[in-house]
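> Got a structure for you, questions after.
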Ligand SMILES: Nc1ncnc2c1ncn2[C@@H]1O[C@H](COP(=O)(O)OP(=O)(O)OP(=O)(O)O)[C@@H](O)[C@H]1O
Ligand SMILES: [Mg+2]
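Residue numbers (this note's numbering): 350 to 614.
Below, the structure written as C-alpha cells:
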C-alpha cells in the first residue's frame, strides 16, 4: 500500500478470548480472556494500573507476542505473531540518536515498503503539521521532550497502516506540554482519521481523546469497565468541567480503584 493512500475501508481491531502468560514457574498470567472491539476509524483508550498488561496487549496486536489462547485481528488480518499489520509506537520513543529527525521519521515507512522518495516527501509535508518545521535536520538530542514525542508520532502516522497502536505517547511529558499535545493530537487525528488504540495512565487524557475508554484490571489483566464518550470534537479544556465529564471521570477512577483491588467488585 502507498503511504499516501487514504484508507477508506477501515475494519478496526477485534480481539476475542485472548489470554497470555509468560513462561516461568509458575507462569506469569498477564492477560485473561480479553474481548475488545475497536470499530474502524474510532479512537479507543485503555487505562489500567502499572504492570497489568496494557503494553503486552499492544505487543500482541503489533505481532510481537503470540497469545496462549484467543484471536487478535487488525485491519482484517490475524496479528498473532505477524508484524506489519499495525503501526506501533512503543512506550519509549526509540528515536535513533545517530539519525537526524527526517531520517528517524522515514525509518519505519521504508521498512514497511514505502519508497525512500515517497516517504521523505510525505514526511516533509508532515513536519509542519506536527510542529517540527525547520527541525528536519536536527539530531534527536537537540529536540525538546514534546518535540521528540511528536517526531515519534509523526513516524507512526507515516506508516501506511489503518491501525495505530500508541503506548503512553505523552507519558514522559509535563502537564502543560501534555495539554498542548492533546489539542494537537485531536486536530491531527481529525484530519487523518484512522483507527487508534491508545494506552495511558491518565483518565482525563483518555476522556479528552477517545470515543470509548476501557479500564483494565491489575494482572492478570481483564477489561472491567467501559465508558462511551460522546462529546463533540475538538474537545477543549472547558469540557473537563462539564458535569457529564466529571461523572465519567469518577466512574473510571472508581473502576481503577476496583482494578487495583482497593475496593471489592
Ligand atoms: N517479555 C516478558 N517476559 C516476561 N514478563 C514480561 C515480559 N513483558 C512484560 N512482562 C511482565 O508482564 C506484566 C505486564 O507488563 P506490561 O508491560 O504489559 O504492563 P503495563 O500495563 O504496560 O505496565 P505500565 O503501565 O507500567 O507500562 C508485568 O508484570 C511485566 O513484568
Ligand atoms: Mg506499558
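By construction, the Cβ of each residue, glycine as well, lies at the ideal position given by its N, Cα and C atoms.
The structure displayed is predicted, hence computed values, not measured ones.
For a quick check, are the C-beta atoms of residue 520 and residue 550 less than 9 Å apart?
yes
> Can you give me the Cβ contacts of residue 369 inside the same chain, cut-off strictly under 7 Å, excluding the 5 residues immediately before and after it?
379, 380, 405, 409, 414, 416, 417
> Counting only runs that start and end within the stretch 480-519, where is the beta strand (DSSP E) found for 3 or more residues in a row?
Counting whole runs of 3 or more residues, the stretch 480-519 contains the beta strand (DSSP E) stretches 512-516.
> The beta strand (DSSP E) that contains residue 384, what's its start and end?
377-387
> With hydrogens ignored, establish whether the beta-carbon of residue 403 is closer than 8 Å to any heavy atom of ligand 2.
yes
> Suppose the cutoff is 6 Å on Cβ atoms and the five residues either side in sequence are ignored; what does the same chain contact list for residue 428 look like?
410, 412, 421, 434
> What residue range is occupied by the uninterrupted alpha helix (DSSP H) comprising residue 577?
Looking at the DSSP string, residue 577 is not in any alpha helix (DSSP H); the run it does join, the beta strand (DSSP E), is 572-577.
> Tell me which residue opens and which closes the alpha helix (DSSP H) that residue 564 is part of.
It is not in any alpha helix (DSSP H) - residue 564 instead sits in the beta strand (DSSP E) that spans 561-565.
> So what does DSSP say about residue 614, is it helix, strand or coil?
With a pLDDT of only 47 at residue 614, under 50, the local geometry of the prediction cannot be trusted, and the value read off the model is given with reservation. Reduced to three states, the DSSP call for residue 614 is coil.
> From the DSSP output, in three-state form, read off residue 355 for me.
Since pLDDT at residue 355 reaches only 47, below the 50 mark, its modelled position is unreliable, and no value is offered.
> Quick one: measure Cβ to Cβ for residue 616 and residue 597, integer angstroms, because I've assumed they're closer than 8 Å.
Outside the shown range of the chain, which is 350 to 614, sits residue 616, and nothing can be said about it.
> Compute the Euclidean distance between the alpha carbons of residue 488 and residue 431, then round it to the nearest angstrom.
32 Å
> Between the alpha carbons of residue 401 and residue 565, how many angstroms are there, rounded?
7 Å
> So is residue 465 buried or exposed if we call it buried at 16+ other beta carbons inside 10 Å?
exposed
> Residues in the same chain with beta-carbon distance under 8 Å from residue 578, minus the five sequence neighbours each way, listed in chain order, please.
556, 559, 560, 561, 562, 597
> So, does the stretch 445-453 touch the stretch 521-532, judging by three or more C-beta pairs under 8 Å?
no
> I'd like to confirm the pairing. Which residues does DSSP put opposite residue 459 in its beta bridges?
Paired residues: none, contrary to the question.
> Tell me the rounded alpha-carbon separation between residue 594 and residue 477.
Residue 594 and residue 477: Cα-Cα distance of roughly 32 Å.
> Going residue by residue through the stretch 421-445, where are the continuous beta strand (DSSP E) segments of at least 3 residues, counting only ones entirely within it?
436-438
> In whole angstroms, what is the alpha-carbon distance linking residue 495 and residue 442?
11 Å
> In or out: residue 352 buried (at least 16 other Cβ within 10 Å) or exposed?
The predicted position of residue 352 is uncertain, since its pLDDT is 43 and thus under 50; no value can be drawn from it.
> At a cut-off of 8 Å, would you count residue 552 as near ligand 2, judging by its Cβ distance to the nearest heavy atom?
It does not: the Cβ of residue 552 is nowhere closer than 8 Å to a heavy atom of ligand 2.
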